[in-house]
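See structure below.
Number of protein chains: 2
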Amino acid sequence: MKKQPLAANLDFPRPYTTVDVAIFSVAGDALRVLLVERSREDGGPFAGCWALPGGFIDIERDADLRHCALRKLREKTGLAAGYLEQLGSWGSATRDPRGWSATHAYFALLPAAAEPRAGANAAEVCWFPVIGKGVRVRLAFDHAEILAAALERLRNKVEYTSLPAFLVPKEFTLTELQRAYETVLGRRLEKSAFRTRVLATRLVEPVDKLRAGPNRPARVYRLSNPGAPVFFARPFSPRGK
Amino acid sequence: MKKQPLAANLDFPRPYTTVDVAIFSVAGDALRVLLVERSREDGGPFAGCWALPGGFIDIERDADLRHCALRKLREKTGLAAGYLEQLGSWGSATRDPRGWSATHAYFALLPAAAEPRAGANAAEVCWFPVIGKGVRVRLAFDHAEILAAALERLRNKVEYTSLPAFLVPKEFTLTELQRAYETVLGRRLEKSAFRTRVLATRLVEPVDKLRAGPNRPARVYRLSNPGAPVFFARPFSPRGK
DNA sequence: TAAGTTAGTTGCAGTGTGCCACTAAGTAGC
DNA sequence: GCTACTTAGTGGCACACTGCAACTAACTTA
Numbered sequence: 001m002k003k004q005p006l007a008a009n010l011d012f013p014r015p016y017t018t019v020d021v022a023i024f025s026v027a028g029d030a031l032r033v034l035l036v037e038r039s040r041e042d043g044g045p046f047a048g049c050w051a052l053p054g055g056f057i058d059i060e061r062d063a064d065l066r067h068c069a070l071r072k073l074r075e076k077t078g079l080a081a082g083y084l085e086q087l088g089s090w091g092s093a094t095r096d097p098r099g100w101s102a103t104h105a106y107f108a109l110l111p112a113a114a115e116p117r118a119g120a121n122a123a124e125v126c127w128f129p130v131i132g133k134g135v136r137v138r139l140a141f142d143h144a145e146i147l148a149a150a151l152e153r154l155r156n157k158v159e160y161t162s163l164p165a166f167l168v169p170k171e172f173t174l175t176e177l178q179r180a181y182e183t184v185l186g187r188r189l190e191k192s193a194f195r196t197r198v199l200a201t202r203l204v205e206p207v208d209k210l211r212a213g214p215n216r217p218a219r220v221y222r223l224s225n226p227g228a229p230v231f232f233a234r235p236f237s238p239r240g241k
Numbered sequence: 001m002k003k004q005p006l007a008a009n010l011d012f013p014r015p016y017t018t019v020d021v022a023i024f025s026v027a028g029d030a031l032r033v034l035l036v037e038r039s040r041e042d043g044g045p046f047a048g049c050w051a052l053p054g055g056f057i058d059i060e061r062d063a064d065l066r067h068c069a070l071r072k073l074r075e076k077t078g079l080a081a082g083y084l085e086q087l088g089s090w091g092s093a094t095r096d097p098r099g100w101s102a103t104h105a106y107f108a109l110l111p112a113a114a115e116p117r118a119g120a121n122a123a124e125v126c127w128f129p130v131i132g133k134g135v136r137v138r139l140a141f142d143h144a145e146i147l148a149a150a151l152e153r154l155r156n157k158v159e160y161t162s163l164p165a166f167l168v169p170k171e172f173t174l175t176e177l178q179r180a181y182e183t184v185l186g187r188r189l190e191k192s193a194f195r196t197r198v199l200a201t202r203l204v205e206p207v208d209k210l211r212a213g214p215n216r217p218a219r220v221y222r223l224s225n226p227g228a229p230v231f232f233a234r235p236f237s238p239r240g241k
């Protein structure tokens, strides 16, 4: 009988459990991710290394995993998430030198206009531009792998969902929305097909405003149903080509 | 300073950590999921209740989460998984009456021919037909929710991937493969479009055999690249209609 | 008034699906 | 051997949406 005596003894060793959040936003025409610098004083691993915001679950305060992720987000940015999705979990004996650990990873999208780091110890928090499958700095733990997975999921979903709508301000023009798509995807989209798709799905509705500028003003839109992403029938470019 | 002294003291309470696996296969033209009956003797919660196979991570034996899921699969079925994918994680203060717990959920697909429960305590293990978003029995913990999520993910992915190829034997006819798709989806597909799609993506390659029967024999195929699922350019029915 | 820039529309070809009809190849019954 | 039946597999056409490209619209600046 190798079975563990479940109720009789729950004191066998448990993994460390953390929650990490990859927080994205766009600035100019670059996608960027929020990173925190790990303390050099507390004696923890990867001191001074950049990492995804996150940390241990607080059993007293966090009702569930999602609340824990929202708390991490709030602590680092002082903002409510436009969008928060569970990404997956990473757990192994070796990812943390202190012992067997598992992290529950989330990714979040913030609107461009939002000014972050409002509520937190700002010196340790910084936006890094996303280049290819990650950032230029070395990340703590397996966070580079987690970030790469987040980017892959994000870029994949952008092909057939309205996720980039969470990266633009509440009111936006269709061109601005298209730019958000292109920033995430790293490639240009066809204006005509983009507009047809967006307008056909009732994703957005016009606001009675025009965005002035040095040329023809653009109609301003907002989300018809903020909070819920829309799924399109097909990806943008039929993957084959 | 509310910060936890990370390295100084790692002894703050940690959640229980488990791994659960939703194991699917097809029998006849029904989709079914493998469940285990929880012990009535060990004093654990939900005694006698049906549950997804799973349990605590064994820090000594499991190198990482995926290995732990593979171990659960092996212990319950005696079989190697045709396909194993991480589904997500569920964690909260209330899902387990013993305290804060988090589970890492996976889902697995087994080929139809495989005879399960070979290596395990068979009396406690049983296939249940999937009806709608779950099974007819009440499940332990939040496993009904996890199973519903697994079914949603599976049915969603079937629309644009070759996942059902992991539900048929190594060699199969195109009609058999199409039946597997239809069984998971719960609706009929167009023969012509199905064959065009499958043959256009080099998902399968013909074996030099014919499947005899009381009518015209069918050509036998196998996967060109077993192990890796194929992604199609579009879902089967453009979701709008 | 002309040039430049961005907003937004229109038309057309290509691609893959949904639908339906058709042919192909075997068995079973007479 | 012929016919009926069943399943395998193919071909044609309409529809929907994308990709591409050319066009018009509206505003600013020189």
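If you're matching them up, the sequences are chains P and S in order.
Sequential numbering from 1 applies to the first sequence in my numbering.
Sequential numbering from 1 applies to the second sequence in my numbering.
Where is the CB? At the ideal position from N, CA and C, for every residue including glycine.
Below 7 Å CB to CB, which residues in the same chain sit around residue i once its five sequence neighbours on both sides are set aside?
i                      : result
residue 185 of chain P : 155 and 158
residue 176 of chain P : 168
residue 112 of chain P : 25, 26, 27, 167, 168 and 169
residue 207 of chain S : 171, 220, 221 and 222
residue 236 of chain S : 159 and 189
residue 99 of chain S  : 16
residue 224 of chain S : 202, 203, 204 and 205
residue 65 of chain S  : 19 and 104
Given residue i, which residues of its chain have a CB within under 6 Å of its CB, disregarding the five upstream and five downstream residues?
i                      : result
residue 145 of chain S : none
residue 137 of chain P : 50
residue 68 of chain P  : 19, 57 and 62
residue 143 of chain S : 51 and 52
residue 129 of chain P : 30 and 32
residue 124 of chain P : 36 and 37
residue 230 of chain S : 162, 201 and 203
residue 194 of chain S : 178
residue 71 of chain P  : none
Please classify residue i: is it buried, with 16 or more other beta-carbons within 10 angstroms of its beta-carbon, or exposed?
i                      : result
residue 73 of chain S  : buried
residue 118 of chain S : Confidence is the limiting factor: at residue 118 of chain S the pLDDT is only 48, short of 50, which leaves the residue's position unreliable and the question unanswerable from this model.
residue 198 of chain P : buried
residue 57 of chain P  : buried
residue 210 of chain P : exposed
residue 213 of chain P : exposed
residue 80 of chain S  : exposed
residue 179 of chain P : buried
residue 54 of chain S  : buried
residue 192 of chain P : exposed
Identify, in the order they occur along the chain, each residue of the same chain with its Cβ nearer than 8 Å to the Cβ of residue i, setting aside the five sequence neighbours on each side.
i                      : result
residue 40 of chain P  : 47 and 48
residue 234 of chain S : 160
CB residue i to CB residue j, shorter than 8 Å?
i                      : j                      : result
residue 33 of chain S  : residue 51 of chain S  : no
residue 19 of chain P  : residue 94 of chain P  : no
residue 220 of chain P : residue 171 of chain P : yes
residue 61 of chain S  : residue 107 of chain S : no
residue 38 of chain S  : residue 105 of chain S : no
residue 109 of chain P : residue 134 of chain P : no
residue 15 of chain P  : residue 132 of chain P : no
residue 31 of chain P  : residue 126 of chain P : no
residue 45 of chain S  : residue 97 of chain S  : yes
residue 196 of chain P : residue 17 of chain S  : no
residue 218 of chain P : residue 173 of chain P : yes
Checklist entry - Looking at C-beta atoms only, is the number of pairs between the region 135-153 of chain S and the region 76-96 of chain S that lie closer than 8 Å three or more? => result The region 135-153 of chain S vs the region 76-96 of chain S: in contact.
Next on the checklist: I want to know whether the region 161-176 of chain P touches the region 202-221 of chain P - three or more CB-CB distances under 8 Å.
Outcome noted: Judged by Cβ distances under 8 Å, the region 161-176 of chain P makes contact with the region 202-221 of chain P, as three or more pairs qualify.
Next on the checklist: Give the list of continuous beta strand (DSSP E) stretches no shorter than 3 residues that lie fully inside the region 124-177 of chain S.
Outcome noted: Whole beta strand (DSSP E) segments, 3+ residues: 125-129.
Checklist entry - For the region 33-99 of chain P, which segments carrying the alpha helix (DSSP H) assignment without a break, of at least 4 residues, lie completely within its bounds, in sequence order? => result The qualifying runs are 65-77.
Item to check | Minimum length 3: unbroken beta strand (DSSP E) runs contained in the region 211-241 of chain S | outcome: 218-223
Checklist entry - Fully enclosed by the region 188-212 of chain P, which alpha helix (DSSP H) runs are 4 residues long or longer? => result 191-200
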